[in-house]
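Just so you know, the protein sequences line up as chains R and L, in that order.
Take 1241 as the starting number for the first sequence in the numbering used here and just add one per residue.
Take 466 as the starting number for the second sequence in the numbering used here and just add one per residue.
Backbone N, C-alpha and C define an ideal beta-carbon position, used for all residues, glycine too.
So the structure is just underneath, and the comments pick up after that.
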Amino acid sequence: MTRYILRRVLWGGVLLFVVSALTFVLFDLLPSGDPARLRAGRGASPQAVAHIRHELGLDKPIYTQFYDYVKGIVLHFDLGYSYFSHASVESLIADRLPATVSLAAGAILIWLLVGVSVGIVSAVRRRTLLDRSAMGTALLFISAPEYWLGLLALFLFAADIGKIPVFPGAGSYVALSADPGKWLSSLVLPWLVLAASFAAIYARLLRGSLIEVLGEDYIRTARAKGLSERRVVMRHGVRGAITPLITVLGLDVGTLLGGALLIEVVFDIPGVGRLNYDAITHADFPIVQGTILLAALFIVVANILVDISYAYLDPRVRLR
Amino acid sequence: MKSTSIHGSVRAAGAIAALSLALGLAACGSGSQTVTVALKAGESPAGQQLYNKHRGGVLTVYDHEDFEHFDTGESYAGQDYTVLYAISRPLYSYPPNSANKLSPDVAAAAPTISDGGKTLSVNIRPHIYFGPPVNREVTSADVAYAIERGANPNVACPYFQSYFGDVVGAKSANGGPIAGIQTPSKYTIAFHLTKPTASLLYGALSLPLSSAVPPEFVRPLDAHSPTTYGTEYLVATGPYMLKANSKGKFLGIGYEPGKSATLVRNPSWNPHTDFRPAYLDRIEINIGGEPAVIGQQVLKGQDVVQNDNPAQSIVKEAYEHYPTQITFTPGSGTYYASLNNAHGPFKNVNLRKAVWAALNRDALVKVRGGSLTGQPMTHFLYPGVSGYEQAGGAAGPRVDYNEHPEGDMAIATKYVKLAGYPSGKYTGGETVQVVGATGEPEEGMAQITNHALEQLGFKTHLSLVDKSAMYEKYCTVPAQEIDVCPNAGWVRDFADPQTVLYVPFNGHAIEPEGNSNWSQVNDPQINAAMEKAELVVGEPAHAQAWAKIDEMLVQQAVAAPEIFANIAAIEGHGVVGVNQLWNSGAWDYDFTSLK
């Protein structure tokens, strides 16, 4: 097990290096703005732009820039400074991460609760009206674009602009440390919107997987042994059916912690996703690189945790 | 300055502004009753009430985009100016309902121009103080340092050479003392010029660069590359300041990048030296959010305004349902399609005239939001800029390719034939490179321009890229040899027609990178006429000289005109907003109040 984890961590490091290199190359190749010119402002003289380009190290060959960048991370955990605001990338990410974690954690909790419950009920009561209604609704939420759903939720339920003003609207996010009550109320709508499509996907996924598992021989054996149906489904069925969900969950959690861009924009939540979005529009490469690395790191870590959890959830799996 | 941060101007506003200012100053401190007159949609903000309004309260501002610079030496964007003109005071500035009439600000009176226009002298007011942590009186040496640091490579003021380059010693300046800037007394500053361009310099003293900064505080910050003045630390001279700690650091306190900015009263501000009433106690700026949501929050909100341009759907809704909460500011710049005069088919003046004739300017106006948000452009000096009327006013010069804003293919065909293509269609073979910006309305405007080109027989390759890429990698880089950029635009820096025509159309202004002469116009006659017009002193003659140049640009069809822009601005129902006519109708925090 230890060897396995070490191997995965090492591969994770390689992956982060590759992601980092790819981002560097893509940023250089794609038609984005010139950071030096953007930093210099409109109408700046070529001399001023050249000076800024030199100060930012953008006049060095790309491999030298990349070497300096990697060296900074490895030796000092230095992700550099924003071209735009001059703030350190670590401090900007650290400032935005709590909002993203708050958003992701609540949404994950909701979609797991709703998705797993609906999936189990639909699988157990398959082809009933309840099952068809649940799956129909799930399809609706999967099809609805998150951005549109967010706007709809605000126009319906936001306290400032909604038809039925119930929840605080866009821009109401307050940090947990500042006011836990306001933090909770400000995140209810974003959580629900973010969780909607995920809950729908998880419900459909679990339903399909559970139906399959419930047809397995060992389930028939469990029933033959006289176990209650609840125990058969929950103890033996769900445990076997949940593995694909855990795989997807690992990816989703990693991705979300890298920033739930659309939700953060619609609900004006100052998270990592919005930081990345703003950085892209300003060609603020150090922040783009930092946030992408962060997302990649979360995905790598989440996947390692998922793999480890397989061993505990499914007795057939052994990690070597 | 490009159209993304355009400033506005209204010619007729001058007299009204002077009257309002006089009335307002007379009423200042009289304790007279609060009177509020709201504007209805479509009414020009020129008549807005400036004084005798309710004092106090907190204004919330929604701003979809972040600020670029708070440093008076670096800033060159209309959005930044909304904050800068609340926290700093240049030598001269425009009252919000004027675009042409400069008022003395830190200066005590209009400048004295002598030596045939080669010397400009300004007396500054006593008892103006820097805000915390400096808290001392502003002197002429502080103004001199503020301007000199514009040449410091760590500050790199974008317009330093354009407007201060004629000061003796400025061409070789790098942040140290400039020989042509002298401070004979604590309250006097004099500028000695190499050319008689004092009138232009006078206008430029309304730009943020002339706002005093305390050298003892700023010089160590300017040693950093780039300077940390304006990104971490700031000292105010205006009625407000960015909330800061005792050392003047505002980063992370009064400004959180991408999140918020907070303006509070500057305790050192002396209201007796200023024409700004500064009604509000505090201004909370929220950065970010979705434009459609922000628009709704403002229209349905109380003490709230939107700082940047509202979404088109919001403009429509506001006009129909909240007419007292939206204003449209005319004279907010121009939009045009650049045509490459130096390379490719548009070296031929007749083909340029053909594009001008074929382009459906009425459709372009519709795409931008209809007649309230602009009118078909007919020449290059726009409404409110002096010389506009002399150059033909709204109808523009009487040339056949300018007669039909809806597009006239018959006239366009005539010019294609004159260009040497007897069929009336372009048969040159090469593909015309067209680069526009993604997002609306730019994308729609690019499509309309591309359609006009195709109608004329051009084979086109239309690339729609991110706006920053369009600016920085294609349209401002002559080596890319882009034939048409349909999303070009321009706005004046201050009330002088030279600031509208010189940089975008003078051959000497062409740069290998960051070029603002997108059409690469380099006509020796036009260049010479501009150099001559620059030296013409006195308002009617100066305006006439630039109107003549405008006519030459039309005769050469140097670009295809699109729109004279109006800019919309929205406010909550508890706000008595005041728009800056000189700054494309942006909200003026010094004059805006709450009901």
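query	result
Chain-ordered neighbours of G1513(R) on chain L, where CB pairs are closer than 9 Å	Those do not exist, as G1513(R) stays about 11 Å from chain L at its closest Cβ, beyond 9 Å.
Meets three-Cβ-pair contact criterion under 8 Å: the stretch 1310-1328 of chain R and the stretch 1501-1517 of chain R	no
Rounded Cβ spacing between S1099(L) and N1031(L) (contact assumed at less than 8 Å)	Residue 1099(L) lies beyond the residue range present for chain L, which begins at 466 and ends at 1060; the question has no answer from this structure.
Contact list for P691(L) against chain R, beta-carbon separation under 8 Å	R1279, I1292, E1295, H1326
In chain order, each alpha helix (DSSP H) run of at least 4 residues that lies wholly inside the stretch 762-808 of chain L	777-786
Residues that DSSP places opposite C950(L) in a beta bridge	S803(L)
Whole-angstrom distance between G512(L) and R554(L), CA atom to CA atom	24 Å
Chain B contact residues for I1401(R), given Cβ-Cβ distances below 9 Å	Chain labels in this structure do not include chain B; the protein chains are R and L.
Selected residue, minimal CA-CA separation from S725(L), among E919(L), T525(L), L585(L)	T525(L)
Whole-Å CB distance - L1343(R) paired with I1503(R), under 8 Å assumed	7 Å
Coarse secondary structure for Q1020(L), derived from DSSP in three states	helix
Option nearest G1490(R) by Cα separation, candidates A1345(R), Y1413(R), A1393(R), G1448(R)	A1345(R)
Buried/exposed call for G496(L), threshold 16 Cβ in 10 Å	Low per-residue confidence applies at G496(L): pLDDT is 32, beneath 50, and the placement is therefore not dependable enough to give any value.
Cα-Cα separation between P810(L) and K932(L), rounded to whole angstroms	25 Å
Chain L contacts from the stretch 1486-1508 of chain R (Cβ-Cβ distance under 8 Å)	V1505, V1506, D1508
Interface partners of L1394(R) on chain L, CB under 7 Å	V758
Near-chain R residues of the stretch 626-653 of chain L - C-beta to any C-beta below 8 Å	Q626, S627
Inter-residue spacing [alpha-carbon to alpha-carbon] between G1253(R) and I779(L)	48 Å
Closest residue to E895(L) among H869(L), T537(L), G922(L), E907(L) (Cα-Cα distance)	G922(L)
Under the three-state DSSP convention, the category G901(L) falls into	strand
I1482(R) to T1368(R) span [Cα, whole Å]	22 Å
Chain R contact for K724(L) (CB, 8 Å cutoff)	yes
Unbroken alpha helix (DSSP H) run spanning T577(L), endpoints	Counting along the chain, T577(L) falls outside any alpha helix (DSSP H), though it belongs to the beta strand (DSSP E) covering 577-579.
Residue interval of the beta strand (DSSP E) (run including M910(L))	That residue, M910(L), is in no beta strand (DSSP E); its alpha helix (DSSP H) goes 907-920.
Proximal residues to E697(L) (C-beta, below 8 Å), its chain only, five neighbours per side dropped	L686, K714, F715, L716
Chain R residues whose Cβ lies nearer than 7 Å to that of T754(L)	The sequence given here places Gly at residue 754(L); Thr does not occur at that position. Neighbours of G754(L) on chain R, chain order: A1410, G1411, D1508.
Exposure of D1400(R), with buried meaning 16 or more beta-carbon neighbours within 10 Å	buried
The stretch 537-544 of chain L in contact with the stretch 667-675 of chain L per 3-pair CB rule at 8 Å	yes
Opening and closing residue of the alpha helix (DSSP H) in which T1483(R) lies	1483-1497
Candidates K518(L), H1038(L), W983(L), D528(L): closest to N751(L) by CA position	D528(L)
Beta carbon proximity, L1349(R) to chain L, threshold 8 Å	no
Pair within 8 Å by beta-carbon distance, D1562(R) and F1267(R)	This structure gives no information on residue 1562(R), because the portion of chain R shown stretches from 1241 to 1560.
Interface residues of chain R facing D531(L) [CB-CB closer than 7 Å]	D1518
The ligand SAH heavy atom lying under 7 Å from the CB of Q626(L)	This structure simply doesn't include the ligand SAH, nor any ligand for that matter.
Members of the stretch 1294-1313 of chain R near chain L, C-beta cut-off 7 Å	E1295
Any C-beta of chain R under 8 Å from that of K938(L)	yes
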